[in-house]
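Note sheet for the following structure.
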Amino acid sequence: MSFQIPARYPLPCSPSLVCQDRFDLLEADAWDVPFWSILKKALSLKITDSHGLIDLLQTIDVTLRGCATTDHGFLQTFLRGMGEAAEGQFFNRVWPVLVEIALEMPSLFPEFSLPILSEQHDQVTLSRRQVACLVVHQFLCSLPSQPWPTDSSPDFRIWYSTDIRHPKAVAAYISSVFTYFGRLAGSSHGSDSPSLLSAEWPIIFRLRTLRVHKSAILHTLPMGSYHLDKPALLGIPDGACIVSANKNVGFGQSATQEEMHVGSTPESCPIVLLTPTLQDTQILVVQGAEAMTVVEGYGREARLLETSYKDSLHGVHPHTWQRRVMLFMDALEFDMYDSSEGVPDLLPGHTDRELLKAYNAFSSQ
Numbered sequence: 011m012s013f014q015i016p017a018r019y020p021l022p023c024s025p026s027l028v029c030q031d032r033f034d035l036l037e038a039d040a041w042d043v044p045f046w047s048i049l050k051k052a053l054s055l056k057i058t059d060s061h062g063l064i065d066l067l068q069t070i071d072v073t074l075r076g077c078a079t080t081d082h083g084f085l086q087t088f089l090r091g092m093g094e095a096a097e098g099q100f101f102n103r104v105w106p107v108l109v110e111i112a113l114e115m116p117s118l119f120p121e122f123s124l125p126i127l128s129e130q131h132d133q134v135t136l137s138r139r140q141v142a143c144l145v146v147h148q149f150l151c152s153l154p155s156q157p158w159p160t161d162s163s164p165d166f167r168i169w170y171s172t173d174i175r176h177p178k179a180v181a182a183y184i185s186s187v188f189t190y191f192g193r194l195a196g197s198s199h200g201s202d203s204p205s206l207l208s209a210e211w212p213i214i215f216r217l218r219t220l221r222v223h224k225s226a227i228l229h230t231l232p233m234g235s236y237h238l239d240k241p242a243l244l245g246i247p248d249g250a251c252i253v254s255a256n257k258n259v260g261f262g263q264s265a266t267q268e269e270m271h272v273g274s275t276p277e278s279c280p281i282v283l284l285t286p287t288l289q290d291t292q293i294l295v296v297q298g299a300e301a302m303t304v305v306e307g308y309g310r311e312a313r314l315l316e317t318s319y320k321d322s323l324h325g326v327h328p329h330t331w332q333r334r335v336m337l338f339m340d341a342l343e344f345d346m347y348d349s350s351e352g353v354p355d356l357l358p359g360h361t362d363r364e365l366l367k368a369y370n371a372f373s374s375q
């Protein structure tokens with residue numbers, strides 16, 4: 011029996027999302043109440059330090075899921091490592107902006123849901139403020155699970171636990187999120203910096219499905235050689251960044267190429283809410299997502315190159331990011347095939363599948 015993916019993904023403000031008020035925040039007599047009412051009350055509480063933030067995240071976790079799903083140990087260590095001045099600036103200047111953006115969700119998404127990408131609905135276009143709202147809720151872990159089978163997390167919980175497989179990579183991803191939040195509040199390079207949202211453009215998520223016809227005519231195209239002298243900025247201003255993705259796209263706890271690209275680009279993180287498992291004929295295109303940090307290396311050697319947005323991406327005009335394109339294309343997982351029958355890459359149909367996948371991605375621009 012095939013799984014029927016719904017057309018829309020419910021957001022925290024959806025009236026259909028109800029739960030128990032386990033901490034009696036609303037002091038209501040009803041057994042089940044709208045989750046949004048509880049979340050609004052929780053976000054209204056004044057938070058001034060990392061302990062208060064961790065308490066809030068734990069409250070949201072238990073309220074939405076019925077139990078604690080992470081101990082938040084790594085996040086707490088990260089927050090303590092920020093230093094007293096940086097922590098004070100975050101809670102005094104940045105946190106109130108994040109709360110404001112989070113609470114705008116009903117007005118930013120009047121249908122209380124997101125369209126899910128499919129062959130029939132193959133493009134979702136969001137404003138940068140809508141994307142910011144989604145990323146803040148991913149940070150709060152206030153989003154429900156995706157309504158399709160997946161091993162991708164809808165939120166950043168996988169970065170919070172003490173038991174982290176790749177601490178340097180995860181620290182880089184959390185740094186990217188905090189850099190993004192600082193820029194939302196206009197506090198990344200000084201008190202007079204404009205908010206990231208002052209440079210507005212659409213962020214486009216597009217699912218491209220290749221339809222192959224037997225009568226298709228093949229065209230021979232010339233090949234050229236290009237020297238890429240700025241690998242950290244691959245994909246801007248006029249090219250595309252090729253992301254070697256999993257079929258369930260998104261961020262993760264280690265340092266694969268996909269995880270580093272998405273982890274350093276918070277505006278691309280909502281792909282996990284929009285994109286069901288990629289099929290053999292599908293690729294994902296994301297346009298307009300701005301990178302916040304540069305992650306250098308691969309695997310266990312991966313690390314944050316610069317902690318400052320101004321230093322790591324100096325000289326890139328803000329509107330240049332509007333043309334940045336990320337192409338997510340997944341390869342076959344050959345470890346599931348029996349190698350005794352020959353090289354898995356060369357089994358019948360496999361090479362065709364990979365070539366068509368690449369053609370689908372490269373011909374999208």
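Under my numbering, think of the first position of the sequence shown as 11, with each following residue one higher.
Heads up, the beta-carbon is just placed ideally off N, CA and C, and yes, glycines get one too.
Here the structure is a predicted model, which is why all the values come from computation and not from measurement.
Per the DSSP secondary-structure output, methionine 339 pairs in a beta bridge with Ser254. Note that the C-beta distance between alanine 255 and alanine 312 is not below 9 Å. Our two residues, alanine 182 and arginine 193, have alpha carbons roughly 16 Å apart in a direct line. The beta carbon of alanine 299 is closer than 7 Å to those of Ile213, Thr275, Glu277, Ser278, Arg334, Met336 in its chain, skipping five residues each way along the sequence. In the three-state reduction of the DSSP assignment, valine 304 falls in the coil class.
Put simply, the backbone Cα of tyrosine 19 is about 8 Å away from that of leucine 284. Taking a 10 Å sphere around the C-beta of glutamate 268, we find 16 or more other C-beta atoms and assign the residue as buried.
Per DSSP, proline 106 is one residue of the alpha helix (DSSP H) stretching across 105 to 113. Exclusion of the five residues before and after valine 180 leaves Phe84, Trp169, Ile174, Gln263 as the residues of its chain whose Cβ lies within less than 7 Å of its Cβ.
In its chain, beyond the 5 residues on either side, Leu36 have a beta carbon closer than 7 Å to the beta carbon of serine 47. When DSSP reads this structure, tyrosine 19 sits in a beta bridge with Leu124. The segment 40 to 56 makes no contact with the segment 126 to 146, as fewer than three CB pairs between them are under 8 Å.
A distance below 8 Å between beta-carbons, with the five flanking residues on each side excluded, links isoleucine 15 to the following residues of its chain, in chain order: Ile126, Ser128, Pro157, Trp158, Pro286.
Isoleucine 57: not part of any alpha helix (DSSP H); DSSP gives it neither H nor E. In the DSSP assignment, valine 43 forms a beta bridge with Cys29. For alanine 209, the CB contacts under 7 Å within the same chain, skipping 5 residues up- and downstream, are Pro328, His329 in chain order. Rounded to whole angstroms, the separation of the alpha carbons of valine 253 and valine 28 is 37 Å. Assignment of leucine 118 by DSSP, reduced to helix, strand and coil, places it in the helix class. Looking at the DSSP output, phenylalanine 215 shares a beta bridge with Val134, Val296. Assigned with DSSP and collapsed to three states, arginine 334 falls in coil, not helix or strand. Separation of arginine 167 and serine 54 (C-alpha to C-alpha, rounded to the nearest whole angstrom) is 22 Å. Using a 10 angstroms sphere on the CB of proline 164, the tally of other CB atoms reaches 16 or more, which defines it as buried. In chain order, Arg216, Leu217, Arg218, Thr219 place their CB closer than 8 Å to the CB of aspartate 132, counting only its own chain and leaving out the 5 sequence neighbours on each side.
In this structure, threonine 79 sits away from phenylalanine 33, with a CB-CB distance that is not shorter than 9 Å.
If you draw a 10 Å sphere on the C-beta of asparagine 102, you find fewer than 16 other C-beta atoms in it, and that means exposed. DSSP places leucine 36 outside both helix and strand once states are collapsed to three, so it counts as coil. Using a Cβ distance threshold of 9 Å, leucine 49 and isoleucine 70 count as a contacting pair. Annotated three-state conformation of leucine 314 is strand, per DSSP. Nearest neighbour of serine 373 by Cα position, chosen from Asp362, Phe122, Ile293, turns out to be Ile293. Listed in chain order, the non-local C-beta contacts of serine 60 below 7 Å within the same chain comprise Gln86, Leu89, Arg90, Glu97, local neighbours out to five positions each way being set aside. Going by DSSP, threonine 87 is part of the alpha helix (DSSP H) stretching over 83 to 90. Scanning Gly260, His176, Asp362, Ser117 for the CA closest to the CA of threonine 160 turns up Gly260. It is roughly 8 Å from the alpha-carbon of lysine 178 to the alpha-carbon of arginine 310. Counting only the Cα atoms, alanine 52 lies some 14 Å from alanine 38. From the listed residues Pro25, Val187, Ser171, Ala95, the smallest Cα separation to phenylalanine 149 is found for Val187.
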